[in-house]
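Peer 1: One structure, as C-alpha coordinates, below. Some questions next.
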(Lines of atoms letter the chains of each structure in order from A and count residues from 1; the text may use other names and numbers.)
(Lines give C-alpha, C1' and ligand atoms only; values in the text may rest on other atoms or scores of the structure.)
Protein backbone atom coordinates (compact mmCIF):
# COMPACT_ATOMS: atom_id res chain seq x y z
CA UNK A 1 0.00 0.00 0.00
CA UNK A 2 1.36 3.40 -0.97
CA UNK A 3 0.51 5.94 1.74
CA UNK A 4 2.41 8.93 0.36
CA UNK A 5 -0.87 10.65 -0.44
CA UNK A 6 -2.38 9.75 2.91
CA UNK A 7 -2.27 12.52 5.47
CA UNK A 8 -1.46 11.92 9.11
CA UNK A 9 -5.19 12.11 9.82
CA UNK A 10 -5.74 8.79 8.08
CA UNK A 11 -4.94 6.91 11.25
CA UNK A 12 -8.15 8.25 12.77
CA UNK A 13 -9.95 5.53 10.89
CA UNK A 14 -8.90 3.16 13.65
CA UNK A 15 -8.44 -0.20 12.15
CA UNK A 16 -8.25 1.11 8.58
CA UNK A 17 -4.56 1.78 9.10
CA UNK A 18 -4.09 -1.81 10.19
CA UNK A 19 -3.39 -2.71 6.58
CA UNK A 20 0.24 -3.03 7.52
CA UNK A 21 1.21 -6.62 8.24
CA UNK A 22 3.35 -7.61 11.20
CA UNK A 23 4.69 -4.08 11.52
CA UNK A 24 1.67 -3.20 13.63
CA UNK A 25 1.95 -6.05 16.08
CA UNK A 26 2.81 -4.87 19.56
CA UNK A 27 2.46 -1.16 18.76
CA UNK A 28 0.32 0.81 21.19
CA UNK A 29 -1.37 4.14 20.65
CA UNK A 30 0.82 6.41 22.78
CA UNK A 31 1.11 10.17 22.53
CA UNK A 32 4.37 9.83 20.63
CA UNK A 33 3.05 7.66 17.80
CA UNK A 34 -0.73 8.08 17.78
CA UNK A 35 -3.22 10.24 15.90
CA UNK A 36 -6.70 10.88 17.25
CA UNK A 37 -9.90 12.48 16.05
CA UNK A 38 -13.35 13.15 17.45
CA UNK A 39 -16.55 12.80 15.42
CA UNK A 40 -19.93 13.92 16.74
CA UNK A 41 -22.94 11.66 16.20
CA UNK A 42 -26.64 12.44 16.61
CA UNK A 43 -28.15 9.70 18.79
CA UNK A 44 -31.56 8.29 19.61
CA UNK A 45 -32.89 5.82 22.19
CA UNK A 46 -36.20 4.02 21.68
CA UNK A 47 -36.77 6.32 18.71
CA UNK A 48 -36.36 9.57 20.66
CA UNK A 49 -33.42 11.99 20.35
CA UNK A 50 -31.03 11.89 23.33
CA UNK A 51 -28.41 14.37 22.17
CA UNK A 52 -25.00 14.15 20.54
CA UNK A 53 -22.35 11.57 21.41
CA UNK A 54 -18.71 12.45 20.75
CA UNK A 55 -16.60 9.44 19.77
CA UNK A 56 -12.83 9.88 19.84
CA UNK A 57 -10.57 7.20 18.39
CA UNK A 58 -6.80 7.00 18.82
CA UNK A 59 -4.64 4.64 16.78
CA UNK A 60 -0.94 4.26 15.90
CA UNK A 61 0.63 5.99 12.92
CA UNK A 62 3.01 3.61 11.14
CA UNK A 63 4.34 3.31 7.56
CA UNK A 64 2.23 0.34 6.44
CA UNK A 65 2.92 -1.74 3.34
CA UNK A 66 0.31 -4.08 1.93
CA UNK A 67 -1.16 -5.37 -1.31
CA UNK A 68 -4.63 -5.73 -2.80
CA UNK A 69 -6.42 -8.84 -1.62
CA UNK A 70 -4.19 -9.48 1.36
CA UNK A 71 -5.87 -10.97 4.43
CA UNK A 72 -5.02 -10.04 7.99
CA UNK A 73 -5.80 -11.80 11.28
CA UNK A 74 -7.88 -10.44 14.14
CA UNK A 75 -6.17 -8.49 16.90
CA UNK A 76 -3.52 -7.02 14.62
CA UNK A 77 -4.14 -3.46 15.79
CA UNK A 78 -5.38 -2.22 19.14
CA UNK A 79 -7.05 1.17 19.37
CA UNK A 80 -8.14 3.44 22.20
CA UNK A 81 -11.44 5.27 22.27
CA UNK A 82 -13.60 7.52 24.43
CA UNK A 83 -17.28 8.25 24.13
CA UNK A 84 -18.74 11.37 25.75
CA UNK A 85 -22.43 11.15 26.65
CA UNK A 86 -24.37 14.44 26.89
CA UNK A 87 -25.65 15.89 30.15
CA UNK A 88 -29.24 15.32 28.99
CA UNK A 89 -28.77 11.55 29.14
CA UNK A 90 -26.05 11.10 31.77
CA UNK A 91 -28.40 11.25 34.83
CA UNK A 92 -30.67 8.58 33.36
CA UNK A 93 -27.77 6.21 32.81
CA UNK A 94 -26.32 6.98 36.24
CA UNK A 95 -29.65 6.30 37.93
CA UNK A 96 -29.89 2.97 36.12
CA UNK A 97 -26.49 1.86 37.42
CA UNK A 98 -24.75 1.96 34.05
CA UNK A 99 -21.09 1.06 34.60
CA UNK A 100 -19.83 0.74 31.05
CA UNK A 101 -20.84 0.08 27.47
CA UNK A 102 -20.09 -1.52 24.14
CA UNK A 103 -20.06 -0.63 20.45
CA UNK A 104 -20.25 -4.04 18.81
CA UNK A 105 -20.66 -2.74 15.26
CA UNK A 106 -17.84 -0.19 15.14
CA UNK A 107 -16.21 -0.39 11.69
CA UNK A 108 -13.87 1.91 9.82
CA UNK A 109 -14.48 2.12 6.08
CA UNK A 110 -11.83 1.57 3.44
CA UNK A 111 -13.82 2.46 0.35
CA UNK A 112 -16.78 0.09 0.63
CA UNK A 113 -14.83 -2.42 2.73
CA UNK A 114 -15.81 -2.38 6.41
CA UNK A 115 -13.02 -3.18 8.85
CA UNK A 116 -14.68 -4.09 12.11
CA UNK A 117 -13.26 -3.34 15.56
CA UNK A 118 -15.77 -3.76 18.42
CA UNK A 119 -15.22 -1.32 21.29
CA UNK A 120 -15.70 -1.92 25.02
CA UNK A 121 -15.95 0.97 27.51
CA UNK A 122 -15.45 1.24 31.24
CA UNK A 123 -17.24 3.21 33.94
CA UNK A 124 -18.41 6.77 33.18
CA UNK A 125 -16.35 9.68 34.52
CA UNK A 126 -18.22 12.96 35.18
CA UNK A 127 -17.31 16.20 33.39
CA UNK A 128 -17.84 19.76 34.68
CA UNK A 129 -20.65 20.37 32.17
CA UNK A 130 -22.69 17.40 33.41
CA UNK A 131 -21.73 15.04 30.62
CA UNK A 132 -19.84 11.82 31.27
CA UNK A 133 -16.97 10.20 29.41
CA UNK A 134 -16.29 6.48 29.10
CA UNK A 135 -12.85 5.21 28.10
CA UNK A 136 -12.51 2.03 26.10
CA UNK A 137 -10.43 -0.12 23.79
CA UNK A 138 -10.92 -2.28 20.72
CA UNK A 139 -9.10 -4.47 18.22
CA UNK A 140 -9.71 -5.35 14.60
CA UNK A 141 -11.51 -8.45 13.41
CA UNK A 142 -10.08 -10.40 10.46
CA UNK A 143 -10.27 -8.47 7.20
CA UNK A 144 -9.20 -8.60 3.56
CA UNK A 145 -8.10 -5.62 1.49
CA UNK A 146 -10.12 -4.72 -1.61
CA UNK A 147 -8.91 -4.73 -5.21
CA UNK A 148 -6.29 -2.23 -6.35
CA UNK A 149 -7.33 1.39 -6.57
CA UNK A 150 -7.48 4.59 -4.61
CA UNK A 151 -9.93 4.60 -1.72
CA UNK A 152 -11.20 7.12 0.77
CA UNK A 153 -10.81 6.17 4.41
CA UNK A 154 -13.69 7.16 6.67
CA UNK A 155 -14.96 6.80 10.19
CA UNK A 156 -18.21 4.83 10.46
CA UNK A 157 -21.39 6.68 9.55
CA UNK A 158 -23.32 4.90 12.31
CA UNK A 159 -22.97 2.68 15.36
CA UNK A 160 -25.07 1.33 18.22
CA UNK A 161 -23.99 1.98 21.82
CA UNK A 162 -25.10 -0.62 24.36
CA UNK A 163 -24.94 0.58 27.98
CA UNK A 164 -24.06 -2.12 30.52
CA UNK A 165 -24.80 -2.59 34.22
CA UNK A 166 -23.68 -5.03 36.88
CA UNK A 167 -26.73 -7.14 35.98
CA UNK A 168 -25.97 -7.18 32.22
CA UNK A 169 -26.95 -5.10 29.21
CA UNK A 170 -29.21 -2.08 29.73
CA UNK A 171 -32.55 -2.84 27.99
CA UNK A 172 -32.38 0.25 25.75
CA UNK A 173 -29.60 0.79 23.20
CA UNK A 174 -28.51 4.10 21.68
CA UNK A 175 -28.35 4.40 17.87
CA UNK A 176 -25.92 7.05 16.61
CA UNK A 177 -25.43 8.43 13.11
CA UNK A 178 -23.33 11.05 11.34
CA UNK A 179 -24.28 12.50 7.98
CA UNK A 180 -20.66 13.43 7.36
CA UNK A 181 -18.24 11.01 9.02
CA UNK A 182 -14.61 12.03 8.92
CA UNK A 183 -13.04 12.05 5.47
CA UNK A 184 -9.50 10.95 6.16
CA UNK A 185 -7.79 11.19 2.80
CA UNK A 186 -7.10 8.40 0.33
CA UNK A 187 -5.06 5.22 0.13
CA UNK A 188 -3.63 3.77 -3.05
CA UNK A 189 -3.71 -0.02 -2.89
CA UNK A 190 -1.43 -1.66 -5.42
CA UNK A 191 -1.52 -4.99 -7.22
CA UNK A 192 0.75 -7.83 -6.22
CA UNK A 193 3.37 -8.87 -8.78
CA UNK A 194 2.64 -12.15 -10.54
CA UNK A 195 4.87 -15.01 -11.60
CA UNK A 196 4.14 -17.58 -14.30
CA UNK A 197 5.23 -21.19 -14.49
CA UNK A 198 4.51 -23.04 -17.74
CA UNK A 199 4.71 -26.79 -18.23
CA UNK A 200 4.33 -28.52 -21.60
CA UNK A 201 3.26 -32.10 -22.29
CA UNK A 202 2.13 -34.05 -25.34
CA UNK A 203 -1.62 -34.59 -25.50
CA UNK A 204 -2.46 -36.85 -28.41
CA UNK A 205 -1.54 -35.01 -31.59
CA UNK A 206 -1.50 -31.68 -29.73
CA UNK A 207 0.55 -30.05 -26.99
CA UNK A 208 -0.92 -29.04 -23.67
CA UNK A 209 0.57 -26.02 -21.89
CA UNK A 210 -0.42 -25.64 -18.25
CA UNK A 211 0.31 -22.16 -16.93
CA UNK A 212 0.22 -21.58 -13.18
CA UNK A 213 -0.21 -17.97 -12.05
CA UNK A 214 1.00 -17.01 -8.60
CA UNK A 215 0.34 -13.74 -6.76
CA UNK A 216 1.18 -12.79 -3.19
CA UNK A 217 1.07 -15.70 -0.75
CA UNK A 218 -0.93 -13.58 1.72
CA UNK A 219 -3.74 -12.89 -0.73
CA UNK A 220 -7.06 -14.48 0.12
CA UNK A 221 -7.94 -15.57 -3.42
CA UNK A 222 -6.06 -17.17 -6.29
CA UNK A 223 -5.45 -15.04 -9.40
CA UNK A 224 -8.07 -14.82 -12.14
CA UNK A 225 -7.82 -13.09 -15.54
CA UNK A 226 -6.62 -14.59 -18.83
CA UNK A 227 -3.49 -16.22 -20.21
CA UNK A 228 -2.53 -15.92 -23.87
CA UNK A 229 -0.09 -18.20 -25.69
CA UNK A 230 1.34 -16.81 -28.94
CA UNK A 231 3.53 -18.59 -31.47
CA UNK A 232 4.28 -16.96 -34.80
CA UNK A 233 1.18 -15.01 -35.81
CA UNK A 234 -1.21 -17.33 -34.00
CA UNK A 235 -2.43 -17.06 -30.44
CA UNK A 236 -4.74 -18.90 -28.05
CA UNK A 237 -6.34 -17.30 -24.96
CA UNK A 238 -7.85 -19.09 -21.97
CA UNK A 239 -9.35 -17.94 -18.68
CA UNK A 240 -7.47 -18.51 -15.45
CA UNK A 241 -9.36 -20.69 -12.96
CA UNK A 242 -8.05 -21.71 -9.55
CA UNK A 243 -4.79 -19.98 -10.36
CA UNK A 244 -4.06 -21.78 -13.63
CA UNK A 245 -4.94 -21.95 -17.31
CA UNK A 246 -4.68 -24.94 -19.62
CA UNK A 247 -3.96 -24.19 -23.28
CA UNK A 248 -3.88 -26.73 -26.10
CA UNK A 249 -1.68 -25.99 -29.10
CA UNK A 250 -1.69 -27.79 -32.46
CA UNK A 251 1.06 -30.00 -33.77
CA UNK A 252 2.27 -27.01 -35.81
CA UNK A 253 3.58 -25.41 -32.61
CA UNK A 254 6.26 -28.07 -32.28
CA UNK A 255 9.76 -26.64 -32.30
CA UNK A 256 8.54 -23.08 -31.81
CA UNK A 257 9.01 -20.61 -28.97
CA UNK A 258 5.68 -19.82 -27.37
CA UNK A 259 5.27 -16.41 -25.74
CA UNK A 260 2.93 -16.54 -22.75
CA UNK A 261 1.33 -13.43 -21.27
CA UNK A 262 -0.97 -12.99 -18.29
CA UNK A 263 -3.54 -10.16 -18.33
CA UNK A 264 -3.63 -9.54 -14.58
CA UNK A 265 -6.78 -8.88 -12.55
CA UNK A 266 -7.92 -6.47 -9.85
CA UNK A 267 -5.45 -7.89 -7.36
CA UNK A 268 -2.49 -9.20 -9.36
CA UNK A 269 -0.36 -7.43 -11.99
CA UNK A 270 0.23 -8.71 -15.52
CA UNK A 271 3.37 -10.66 -16.43
CA UNK A 272 4.87 -12.77 -19.20
CA UNK A 273 7.19 -15.67 -19.86
CA UNK A 274 8.01 -18.05 -22.70
CA UNK A 275 8.45 -21.76 -23.29
CA UNK A 276 9.91 -23.84 -26.11
CA UNK A 277 7.76 -26.63 -27.54
CA UNK A 278 10.08 -29.54 -28.11
CA UNK A 279 9.36 -31.77 -31.05
CA UNK A 280 8.13 -35.18 -30.04
CA UNK A 281 10.53 -38.00 -30.70
CA UNK A 282 9.52 -40.28 -33.56
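In mature numbering (1 follows the signal peptide of the UniProt record, and there is no 0), the protein residues as written are -34 to -1, 1 to 248.
By construction, the Cβ of each residue, glycine as well, lies at the ideal position given by its N, Cα and C atoms.
Bear in mind the structure is a predicted one, so any value in this text is a computation, not a measurement.
Determine the DSSP secondary structure at residue 57, reduced to helix, strand or coil.
Peer 2: Taking the chain shown and counting its residues from 1, the one referred to as residue 57 is at position 91. If DSSP states are grouped into helix, strand and coil, residue 57 belongs with the helices.
Peer 1: Taking the alpha carbon of residue 98 as the point to measure from, which residue in 123, 64, 222, 163 has its own alpha carbon closest?
Peer 2: Taking the chain shown and counting its residues from 1, one reaches residue 98 at position 132. Nearest of 123, 64, 222, 163 to residue 98, Cα basis: 64.
Peer 1: Using alpha carbons as the reference points, say which of 159, 202, 57, 73 lies closest to residue 256.
Peer 2: Nothing about residue 256 can be reported from this structure: the residues present for the chain run from -34 to 248 only.
Peer 1: In three-state terms, what does DSSP make of residue -4?
Peer 2: In the chain shown, counting from the first residue as 1, residue -4 sits at position 31. Bear in mind that the predicted position of residue -4 carries a pLDDT of just 44, short of 50, making it unreliable; the figure below should be weighed with that in mind. If DSSP states are grouped into helix, strand and coil, residue -4 belongs with coil.
Peer 1: Measure the alpha-carbon distance for residue 101 versus residue 88 and round it to whole angstroms.
Peer 2: Position 135 of the chain shown holds residue 101. Position 122 of the chain shown holds residue 88. Each residue's Cα considered, the two are about 6 Å apart.
Peer 1: Please list, in chain order, all residues of the same chain as residue 71 whose beta carbon is under 6 Å from its beta carbon, the five residues on each side excluded.
Peer 2: In the chain shown, residue 71 corresponds to position 105, counting from 1. Excluding sequence neighbours, residue 71 sits near 125, 126.
Peer 1: Could you give the residue range of the beta strand (DSSP E) that holds residue 47?
Peer 2: As a working mapping, residue 47 is identified with position 81 in the chain shown. First-last of the beta strand (DSSP E) with residue 47: 44 to 51.
Peer 1: Kindly give me the distance between the Cβ atoms of residue 249 and residue 233, rounded to whole angstroms, as I take these residues to be in contact under 8 Å.
Peer 2: Only positions -34 to 248 of the chain appear in this structure, which leaves residue 249 out of reach.
Peer 1: So if DSSP puts residue 164 in a beta bridge, which residue, or which two residues, is it bridged to?
Peer 2: The residue you call residue 164 lines up with position 198 of the chain shown. Answer by DSSP bridge pairing, in chain order: 177.
Peer 1: Could you check how far apart the C-beta atoms of residue 177 and residue 211 are, in whole angstroms? I think they sit under 8 Å.
Peer 2: By one-based count along the chain shown, residue 177 stands at place 211. By one-based count along the chain shown, residue 211 stands at place 245. Correct: roughly 5 Å between the Cβ atoms.
Peer 1: Using DSSP with H/G/I as helix, E/B as strand and the rest coil, what is residue 259?
Peer 2: Residue 259 lies beyond the range of the chain shown here (-34 to 248); nothing can be said about it.
Peer 1: So residue 65 is in the beta strand (DSSP E); what residue range does that whole segment cover?
Peer 2: Looking up residue 65 in the chain shown gives position 99. Looking at the DSSP string, the run of the beta strand (DSSP E) that includes residue 65 is 64 to 69.
Peer 1: Residue 213: which of 195, 230, 225, 227 sits nearest, CA to CA?
Peer 2: Position 247 of the chain shown, counted from the start, is the residue given in the question as residue 213. That would be 195, whose Cα lies nearest to the Cα of residue 213.
Peer 1: Taking 8 Å as the cut-off, does the segment 117 to 124 touch the segment 147 to 163 (at least 3 CB pairs, one atom from each stretch)?
Peer 2: yes
Peer 1: For residue 250, tell me which candidate among 41, 66, 76, 49 has the shortest Cα-Cα distance.
Peer 2: The requested residue 250 does not occur in the structure, where the chain is confined to residues -34 to 248.
Peer 1: On the DSSP bridge list, what partners appear for residue 249?
Peer 2: In the structure displayed, the chain extends from -34 to 248; residue 249 sits before or after that span and is not available.
Peer 1: Our contact map puts residue 229 next to residue 236 with C-beta atoms below 8 Å; I'd like the distance itself, whole angstroms only.
Peer 2: Within the chain shown, residue 229 is the residue found at index 263, counting from 1. Within the chain shown, residue 236 is the residue found at index 270, counting from 1. Sure, about 6 Å apart at Cβ, within 8 Å.
Peer 1: Report the option in 48, 75, 130 whose CA atom is closest to the CA atom of residue 106.
Peer 2: Within the chain shown, the letter at position 140 stands for residue 106. The shortest C-alpha separation from residue 106 is found at 75.
Peer 1: Please return the same chain residues whose Cβ sits closer than 6 Å to the Cβ of residue 79, not counting the five positions on each side in sequence.
Peer 2: Translated into the one-based positions of the chain shown, residue 79 becomes position 113. The answer, listed in chain order, is 112.
Peer 1: Let me know the secondary structure DSSP gives residue 108 once reduced to three states.
Peer 2: In the chain shown, the residue the question calls residue 108 occupies position 142. Coil at residue 108, not helix or strand.
Peer 1: Among residues of its own chain, excluding the 5 on either side of residue 12, which ones have a beta-carbon nearer than 6 Å to its beta-carbon?
Peer 2: Position 46 of the chain shown, counting from 1, holds the residue named residue 12. In its chain, beyond the 5 residues on either side, 138 have a beta carbon closer than 6 Å to the beta carbon of residue 12.
Peer 1: For the beta strand (DSSP E) holding residue 143, just list the boundary residues, first then last.
Peer 2: As a first step, residue 143 must be located in the chain shown, where it is residue number 177. Start and end: 140 to 143.
Peer 1: Taking 9 Å as the cut-off, decide whether the C-beta atoms of residue 62 and residue 21 are in contact.
Peer 2: To locate residue 62, count along the chain shown from 1; it is residue 96. To locate residue 21, count along the chain shown from 1; it is residue 55. Going by C-beta atoms, residue 62 is not nearer than 9 Å to residue 21.
Peer 1: Report, in whole angstroms, the separation of the C-beta atoms of residue 44 and residue 103, which I expect to be a contact under 8 Å.
Peer 2: Stepping through the chain shown from its first residue, residue 44 is reached at position 78. Stepping through the chain shown from its first residue, residue 103 is reached at position 137. That belief holds up - the Cβ atoms of residue 44 and residue 103 are roughly 6 Å apart, short of 8 Å.
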